[in-house]
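Student: Going by numbering that gives the first Met the number 0, the first residue of the sequence shown is number 0, and it counts up by one from there.
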Amino acid sequence: MGLFAPLIDQLAEQHWAVSRELFSMAEIEALACEAWHGWRNGLFLQAAIGRDAQRQVRSEIRGDFIRWLDEHALTPAQTSYWMKMEQLKEALNQALFVGLRELEAHYAVYPPGAFYRKHLDRFRTDDARLISTSLYLNIDWPEAAGGALRLYPCQDEPQRFVDVLPQAGTLVVFRSDTIYHEVLPATRMRLSLTGWFRRRSLRLQA
Ligand code: OGA
Ligand code: MN
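#1: Within a Cβ cutoff of 7 Å, which residues of the same chain sit near residue 55, ignoring the five residues on either side of it in sequence?
#2: Quick one: what does DSSP say residue 37 is sitting in, helix, strand or coil?
#3: Is there contact here, the stretch 169–181 with the stretch 128–136, by at least three beta-carbon pairs under 8 Å?
#4: Any chance the stretch 132–146 sits against the stretch 184–193, with 3 or more Cβ pairs inside 8 Å?
#5: Based on Cα-Cα distance, which residue from 57, 84, 139 lies nearest to residue 170?
#6: Okay, do the stretch 103–120 and the stretch 60–72 touch, 3+ Cβ pairs below 8 Å being the bar?
#7: Could you check how far apart the C-beta atoms of residue 61 and residue 115 are, in whole angstroms? I think they sit under 8 Å.
#8: Within the continuous beta strand (DSSP E) that includes residue 7, where are the two ends?
#9: For the alpha helix (DSSP H) that residue 193 lies in, which residues bound it at each end?
#10: Under the assumption that residue 14 contacts residue 152 (Cβ atoms under 8 Å), give the Cβ distance between them as a whole number of angstroms.
#11: I need the DSSP call for residue 23, collapsed to helix, strand or coil.
#12: Any idea what DSSP makes of residue 145, helix, strand or coil?
#13: Cutting at 8 Å between CB atoms, please list the residues of its own chain near residue 199, excluding the five before and the five after it.
#14: Using the Cβ count rule (16 or more neighbours within 10 Å means buried), how would you classify residue 141?
#15: For a quick check, are the C-beta atoms of residue 117 and residue 180 less than 8 Å apart?
#16: Can you check whether the CB of residue 20 is closer than 8 Å to the CB of residue 138?
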């Protein structure tokens, strides 16, 4: 668990955590390069909200474009990401007994001005997502470019928030069921790799 200990302690204590140590700049660059290549080749789809019958594209709520990773066809850059996230999953299971089983992850591109309104990552009809993660892939991202991930650490104090800039190598981890968050608009293209650790899926009635 060593490498992940500070992150896990922070997460256990406050339901969210940030680490800038887990991925090397070479790993980040490889992921970013590949994602932008996919973007230029039209491989991203407009993101929707909800799932199954509730699924709909609503750019007044969420304006990003996504590309899912396929666990069975990972590129070398994605493999190094996936392996590190699997290690994190095991460390979380050992430390917190959370029973995480699988990872699902997608790249997301927010064009300038796009945002994602305040939300929770858990679907109303599926409570499998336990832990949300976002790894940022924006090299040389100044504060003035905006695009922060705004976390609301306490549901009882909705005016209190913490902003995390989407700078290359920053990994944010938070509880999918309790931490409201939003993506603020940026002045330039914003790239992230977002992943969710899931427990065994328990489908609820829609
Ligand atoms: C999401 C999300 C945050 C980000 O996709 O649900 O909140 O910073 N993404 O990309
Ligand atoms: Mn989210």
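For each residue, glycine too, the CB sits at the ideal point set by N, CA and C. Note that the structure is predicted; figures quoted are calculated from it, not measured.
Tutor: With the structure as the only source:
#1: 47, 48, 49
#2: Helix, per DSSP.
#3: yes
#4: yes
#5: 84
#6: yes
#7: 5 Å
#8: Residue 7: not part of any beta strand (DSSP E); member of the alpha helix (DSSP H) spanning 4–13, first to last residue.
#9: No alpha helix (DSSP H) contains residue 193, which is instead part of the beta strand (DSSP E) from 189–197.
#10: Contact check for residue 14 and residue 152: beta-carbon distance about 7 Å, within the 8 Å limit, so the pair qualifies.
#11: coil
#12: Residue 145: strand per DSSP, three-state reduction.
#13: 98, 100, 127
#14: Classification for residue 141: exposed.
#15: In this structure, the beta-carbon distance from residue 117 to residue 180 falls below 8 Å.
#16: no
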